[in-house]
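Participant:
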Amino acid sequence: MGWREAEREYTDEVIGETTIPELFFDSVERNASRDAQLYKGGVHDRSLTPDIVPEPPAGEYGAITYEEAGEIVRHLTAGFRELGVGPDDRVGIYADTRMEWAHADYAVQSAEGVVTTVYTESSAPQVQYLLDDNDAMGVVVGNEELLETVLSVENELDLEFVVVINEFEGYDDREDIYTLAAVHELGAEAFDADEFESWLDNREWTDLCS
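Next up, the structure:
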């Protein structure tokens, strides 16, 4: 048998037809007690710490397991649904690569949304274009500086919400700006396991994810 024939006959669930969220939660189930992510203390003023994930000492690393990561993503998924995210709605992620970037990415997709990525080096006009071109309904930003960039062009956009991964000050008069921890809290209160599974089941492997 040649390699082409052998490759055609090879089967494994890893190369099956599934969605990114289903792959993630399959990994959560298989590796529940294993470390999924490491994160360094003192680097970011994370809104998820210390109530949702422990705050490690500055310069030291903390870890969350697959089970803990899965729980965070489930609650964020329900939180994004509470903010109005539904099938094929576009949500931008405008943040450096970090632990919460993955949480937001999996959560938006699990909420049946589609992720639009925006580089943090993008200028305000570029941010406007990237979010407007795909009609993003919301955006997740890494910190207050990136929040201010989005707000500088918000009049040209149709955003229904902005979520900030870090803590931030001010904007008390804005009901459409949330920390990631606040979205997590919304989702934890609203979470329904059967409803969550239905969101995952509704997606096909051919659907756009990003």
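One rule links them: number in the numbering used here = place in the sequence shown (from 1) + 793. For each residue, glycine too, the CB sits at the ideal point set by N, CA and C. Just so we're clear, the structure is a prediction, and the values are computed from it rather than from any experiment.
1) Starting from Phe-779, follow the alpha helix (DSSP H) in both directions and report where the run begins and ends.
2) In the DSSP assignment, what are the bridge partners of Asp-994?
3) According to the Cβ coordinates, are Val-878 and Ala-904 closer than 8 Å?
4) Below 8 Å on the Cβ atoms is my guess for Val-756 versus Val-911; work out the distance and round it to an integer in Å.
5) Report yes if the CB atom of Val-976 is closer than 8 Å to the CB atom of Leu-876, and no otherwise.
6) Pick helix, strand or coil for Asp-882, following the three-state DSSP scheme.
7) With a threshold of 8 Å between beta-carbons, can Pro-849 be considered close to chain B, or not?
8) Have a look at Asp-969, Glu-968, Asn-995 and Val-907 and flag the residue whose alpha-carbon is nearest the alpha-carbon of Ser-1003.
9) What span of residues does the alpha helix (DSSP H) with Phe-818 cover, start to end?
10) Could you pull out every residue in the same chain whose Cβ sits closer than 6 Å to the Cβ of Tyr-832, ignoring the five residues on either side in sequence?
11) Pick from Ala-986, Thr-972 and Leu-952: whose alpha carbon is nearest that of Phe-961?
12) On the CB-based measure, 16 or more other CB atoms within 10 Å of its CB, does Leu-1001 come out buried or exposed?
13) Taking all protein chains shown into account, do 16 or more other C-beta atoms lie within 10 angstroms of the C-beta of Val-836, making it buried, or fewer, making it exposed?
Facilitator: With the given structure in hand:
1) Outside the modelled stretch of the chain, which goes from 794 to 1003, sits residue 779, for which no answer is possible.
2) Note: Asp-994 sits in no beta bridge, so no partner.
3) Going by C-beta atoms, Val-878 is nearer than 8 Å to Ala-904.
4) Not covered by the structure: residue 756. The range shown for the chain is 794 to 1003.
5) Cβ atoms of Val-976 and Leu-876: closer than 8 Å.
6) The answer is coil: DSSP assigns Asp-882 none of H, G, I, E or B.
7) The structure shown contains no chain B, having only a single protein chain.
8) When the alpha-carbon of Ser-1003 is set against those of Asp-969, Glu-968, Asn-995 and Val-907, the nearest one is in Val-907.
9) Here the alpha helix (DSSP H) through Phe-818 covers 813–823.
10) Leaving aside the five residues that flank Tyr-832 on each side, the residues in its chain whose CB is nearer than 6 Å to its CB run, in chain order, Gly-855 and Met-892.
11) For the residues Ala-986, Thr-972 and Leu-952, the minimum Cα distance to Phe-961 belongs to Thr-972.
12) Taking all protein chains in view, the Cβ of Leu-1001 is surrounded by fewer than 16 other Cβ atoms within 10 Å, so the residue is classified as exposed.
13) Looking at its Cβ environment, which holds fewer than 16 other Cβ atoms inside 10 Å, Val-836 is exposed.
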